[in-house]
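Take a look at the structure set out below.
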Amino acid sequence: MERSRERVLDYARRVRARETILGYWVIIDSPVSTERLARLGYDYVCFDAQHGLLDYKGILVGMQAIDAGGESVGMVRVGANDPFLIGQALDAGAAGVIVPLVNTAEDAARAVSYAKYGPEGIRSYGPMRSQLRIGPNPADSNAATVVLAMIETPQGLENVEAIAATPGIDGLYIGPSDLRLAVGGATSTDPAVDVVFEAAVERVLKAAQDAGIAAGFHTPSGEVAAKRLGQGFTLATVSSDLIHLEQAATAHLRAARGES
18 MERSRERVLD YARRVRARET ILGYWVIIDS PVSTERLARL GYDYVCFDAQ HGLLDYKGIL
78 VGMQAIDAGG ESVGMVRVGA NDPFLIGQAL DAGAAGVIVP LVNTAEDAAR AVSYAKYGPE
138 GIRSYGPMRS QLRIGPNPAD SNAATVVLAM IETPQGLENV EAIAATPGID GLYIGPSDLR
198 LAVGGATSTD PAVDVVFEAA VERVLKAAQD AGIAAGFHTP SGEVAAKRLG QGFTLATVSS
258 DLIHLEQAAT AHLRAARGES
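For this note's numbering, count along the sequence shown from 1 and bump the result up by 17.
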């Protein structure tokens with residue numbers, strides 16, 4: 018328990034100090050593969066409860082797998098900015114949450130309140146598993162819990178400076194697919210809006226820097242993660258288990274067939 022506690026506390030400290038943080042994205046309900054991923058040295062492994070293929074039980078056993086891996090902390094991209102979903106993810110042992118569709122400073126303040134016990138918030142007390150990681154003291158939990166707000170909509174981009182300045186928000190996190198659509202892309206990868214997309218990215222980065230909080234980016238590869246970190250982002254997620262499974266299987270199939 019003590020080692021887990023130290024890992025969670027150090028993770029929160031490093032996020033807030035704007036040190037380099039690298040994470041991995043889990044979509045598949047597969048504790049065995051998650052355990053292996055959690056042994057590789059990523060700072061966090063994040064379960065996607067919004068678009069991923071796992072339910073609460075999957076998140077719970079996934080958190081146990083991360084602890085068995087012993088090198089990462091668990092994060093959850095919750096399905097919505099909702100007190101039940103945020104509290105449930107934290108009760109399962111998550112070190113923090115990534116909250117989607119944060120459009121206003123009021124949305125950001127609600128997310129913080131849902132993740133924190135009183136008097137800082139309204140999180141309901143019932144740390145069934147999380148107390149094994151950080152302990153049952155509400156103040157300790159509040160200090161250790163990381164809250165990242167996703168910027169991915171036209172409204173969120175318009176209000177990004179106010180969102181970044183919201184007390185208790187530890188960082189902004191760009192969802193590039195939705196953000197590209199938000200700035201007029203016809204698809205989530207539409208190159209026709211590259212210029213306006215990169216301008217939006219720079220605005221989010223500056224808002225985080227000016228507020229002194231972490232700036233996060235969801236990336237499709239280690240190479241892109243390195244590029245965004247070089248740009249000034251302090252936190253990056255690398256692809257996902259499902260994508261890498263497909264990519265690796267495809268590469269081996271082509272090699273076996275002698276295809277280039």
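Even for Gly, the Cβ is constructed at its ideal location relative to N, Cα and C.
How is the beta strand (DSSP E) around His-235 delimited, first residue to last?
231-236
Anticipated Cβ contact below 8 Å, Val-62 with Val-95, distance rounded:
With 8 Å as the limit, Val-62 and Val-95 do not qualify as a contact, their Cβ atoms being about 15 Å apart.
Compare the Cα-Cα distances from Gly-278 to each of Met-80, Ile-139, Leu-189 and Leu-102 and report the closest residue.
There is no way to answer for residue 278, as the model of the chain reaches only from 18 to 277.
Looking only at its chain, what residues have a beta carbon closer than 6 Å to the beta carbon of Gly-86, apart from the 5 residues adjacent to it on each side?
Glu-52, Ala-55 and Arg-56
Drop a sphere of 10 angstroms on the beta-carbon of Tyr-142, count the other beta-carbons inside from all chains shown, and report buried for 16 or more, exposed for fewer.
exposed
With Ala-97 and Val-25 assumed to form a contact (beta carbons below 8 Å), what rounded beta-carbon distance in angstroms separates them?
24 Å between Cβ atoms; not a contact.
Own chain, CB closer than 8 Å to Thr-183, minus 5 neighbours either side, in chain order:
Ala-122, Ala-125, Ala-126, Val-129 and Ala-166
Can you tell me whether DSSP reads Met-167 as helix, strand or coil?
strand
Using the beta-carbon count (16 or more within 10 Å), is Asp-227 buried or exposed?
exposed
Given a cut-off of 8 Å, decide if Phe-234 and Ile-168 are closer than it, judged by their beta-carbon atoms.
no
Applying the criterion that 16 or more other CB atoms from any shown protein chain within 10 Å of the CB defines a buried residue, is Pro-136 buried or exposed?
exposed
Reduced DSSP secondary structure (H/G/I, E/B, other) of Leu-26:
helix
For the 8 Å Cβ check, are there 3 or more pairs between the region 42-51 and the region 250-269?
yes
If you draw a straight line from the alpha carbon of Ala-199 to that of Thr-170, how long is it in whole angstroms?
5 Å
Quickly, what does DSSP pair Asp-258 with across the bridge? List them, please.
For Asp-258, which the question treats as bridged, DSSP gives no partner whatsoever.
From Ala-156 to Ala-242, what does the alpha carbon distance come to, in whole angstroms?
34 Å
Going by DSSP, name the residue or residues bridged to Leu-189.
Ala-166 and Ala-232
Cut-off 6 Å between Cβ atoms - residues of its own chain near Lys-74, not counting five sequence neighbours on either side:
none
Does Gly-86 come out as helix, strand or coil in the three-state DSSP assignment?
helix
Gly-185 vs Lys-133 beta-carbon contact at 8 Å:
yes
Could you give the DSSP three-state label for Leu-57: helix, strand or coil?
coil
So what does DSSP say about Leu-71, is it helix, strand or coil?
coil
Just to check my reading of the structure: Ala-225 and Ala-181 have Cβ atoms closer than 8 Å, yes? What is that Cβ distance to the nearest angstrom?
6 Å
Is it true that the CB of Ala-231 sits closer than 8 Å to the CB of Arg-30?
no
Please confirm whether Gly-104 and Gly-91 have their CB atoms less than 8 Å apart.
no
Met-80 by DSSP, collapsed to three states: which one?
helix
For Asp-195, which residues of its own chain have a beta-carbon under 6 Å away from its beta-carbon, when the five flanking residues on both sides are left out?
Glu-169
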